[in-house]
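Enquirer:
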Amino acid sequence: MPFENDIFDIVLNVESSHRYLLFSKFLSEVHRTLKSGGYLLLTDFRHDHKMAEMKEDISNSEFDVVHYELINENIVNALKADDERSTLFMC
Numbered sequence: 000m001p002f003e004n005d006i007f008d009i010v011l012n013v014e015s016s017h018r019y020l021l022f023s024k025f026l027s028e029v030h031r032t033l034k035s036g037g038y039l040l041l042t043d044f045r046h047d048h049k050m051a052e053m054k055e056d057i058s059n060s061e062f063d064v065v066h067y068e069l070i071n072e073n074i075v076n077a078l079k080a081d082d083e084r085s086t087l088f089m090c
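Printed below as a string of structure tokens:
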């Protein structure tokens, strides 16, 4: 990433890291650009067979996991609610 070392307090990454060729390299670059005590906030999706690989990359990185939460049920419920709401606008 074209940023100086120790420049960010927080890096927010939403639903994109599944497309990175080298997730471990992404983690390394984020760590490099974060200030000491900074946070990476990451949310993304993976197929079941890729979750173990992602978790391994994270545990092999310089990050400490503060919180991990599987939110599949929340996403499904939100999609259902939005689907029901959107049908109200159909003629």
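Under numbering that gives the first Met the number 0, the sequence shown has 32 at position 33, and the numbering climbs by one with no breaks. Where a beta carbon is used, it is the ideal one built from N, C-alpha and C, also for glycine.
Helix, strand or coil for V29, going by three-state DSSP, please let me know.
Expert: Position 30 of the sequence shown, counted from the first residue, corresponds to residue 29. Three-state result, V29: helix.
Enquirer: With DSSP as the reference, identify every bridge partner of T86, one or two as the case may be.
Expert: The residue labelled residue 86 in the question sits at position 87 within the sequence shown. Answer is none; T86 lacks a bridge partner.
Enquirer: Can you tell me whether L33 is buried or exposed, with buried defined as 16 or more other CB within 10 angstroms of its CB?
Expert: Numbered from its first residue, the sequence shown carries residue 33 at position 34. Buried, by the Cβ-count rule.
Enquirer: Given this structure, state the Cα-to-Cα distance separating F62 from V10, to the nearest angstrom.
Expert: Taking the first residue of the sequence shown as position 1, residue 62 is located at position 63. Taking the first residue of the sequence shown as position 1, residue 10 is located at position 11. Roughly 13 angstroms between the two C-alpha positions.
Enquirer: Residues in its own chain within less than 6 angstroms of D13 by CB, not counting five upstream and five downstream?
Expert: Reading the sequence shown from its first residue, position 14 is the one you call residue 13. Per the sequence presented here, residue 13 reads as Val, with Asp not at that position. Same-chain partners within the cutoff: T42.
Enquirer: From what residue to what residue does the alpha helix (DSSP H) around I57 run?
Expert: Within the sequence shown, numbered from 1, the residue matching residue 57 stands at position 58. Unbroken alpha helix (DSSP H) run through I57: 47–58.
Enquirer: With L26 and S60 assumed to form a contact (beta carbons below 8 angstroms), what rounded beta-carbon distance in angstroms separates them?
Expert: The count along the sequence shown starts at 1 and reaches residue 26 at position 27. The count along the sequence shown starts at 1 and reaches residue 60 at position 61. Correct: roughly 4 angstroms between the Cβ atoms.
Enquirer: On the CB-based measure, 16 or more other CB atoms within 10 Å of its CB, does V65 come out buried or exposed?
Expert: Working through the sequence shown from its first residue, we reach residue 65 at position 66. Residue environment analysis places V65 among the exposed positions, since fewer than 16 neighbouring C-beta atoms fall within 10 angstroms of its C-beta.
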